[in-house]
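Engineer: Residue numbers (my numbering): 35 to 258.
Yeah, the Cβ is synthetic: ideal placement off N, Cα and C, and Gly gets one too.
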């Protein structure tokens with residue numbers, strides 16, 4: 035069954051390379067950049083390249099199996115020259131366990147795989163017929179590839195996630211939390227403000243009978 039939907043790339047991102055894949059780099063030239071000398075060979079830009087990145091939808095939990103199947107089928111059916119890299123969206127997250135920070139990986143978009151391919155009708159059908167693939171995102175009869183900006187955005191998020199893992203738990207205003215670290219440990223309160231960029235919360239804690247705002251990091255609290 036074809037899947038036609040759009041997923042917001044600015045909400046998660048990150049893509050982990052499937053086995054034997056290498057991280058792609060697509061960067062559009064900056065405005066005002068000097069042109070290459072006449073006659074010199076230049077790499078084609080993403081927009082000019084015949085290969086584009088597409089997102090396919092899979093059964094949740096079978097992302098790696100789909101990546102393996104695409105590789106195997108591309109060799110068996112002779113379209114390996116049309117498929118480039120296959121990436122699986124993941125990000126690094128951090129949480130507190132027994133007083134220690136523990137970093138792990140999780141799927142950002144369960145059920146989605148990013149594939150670089152030189153699209154044509156035959157390849158479109160072969161990919162759709164791969165076991166556990168339900169279709170292309172934004173599919174129809176003409177799947178829409180990601181733009182260069184979207185690809186760069188995904189790769190940037192992957193790099194930033196590796197350097198600064200995201201908190202595993204997310205918080206919203208009015209969430210009830212318990213403080214587990216710092217001078218206010220074991221106090222409870224409600225989230226008054228969330229600052230996702232800094233990874234901090236302002237929590238209203240009752241101290242000596244008065245509601246007092248306390249700024250805390252995500253890892254210093256847990257939901258109750």
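With a 10 Å radius around its C-beta and 16 neighbouring C-beta atoms as the bar for buried, classify residue 143 as buried or exposed.
Structural biologist: buried
Engineer: Which residues bound the beta strand (DSSP E) around residue 229?
Structural biologist: 222–229
Engineer: What did DSSP end up calling residue 188 once you bin it into helix, strand or coil?
Structural biologist: helix
Engineer: With which residues is residue 91 paired in a DSSP beta bridge?
Structural biologist: Under DSSP, residue 91 takes part in a beta bridge, and its partners are 146 and 169.
Engineer: Alpha carbon to alpha carbon, how far is residue 261 from residue 205?
Structural biologist: Here the chain comprises residues numbered 35 to 258, so residue 261 is not present and cannot be evaluated.
Engineer: Which residue wins for smallest C-alpha separation from residue 112, given the options 258, 160 and 242?
Structural biologist: 160
Engineer: Would you kindly report the start and end of the unbroken beta strand (DSSP E) that includes residue 141?
Structural biologist: 134–141
Engineer: Let me see if you follow: with CB-CB separation under 8 Å, is residue 114 close to chain B or not?
Structural biologist: Absence of chain B from the displayed structure is noted, only one protein chain being present.
Engineer: Quick one: what does DSSP say residue 162 is sitting in, helix, strand or coil?
Structural biologist: helix
Engineer: Quick one: residues in its chain with C-beta nearer than 7 Å to the C-beta of residue 164, no 5 flanking neighbours on either side, listed in chain order?
Structural biologist: 100, 103, 104 and 107
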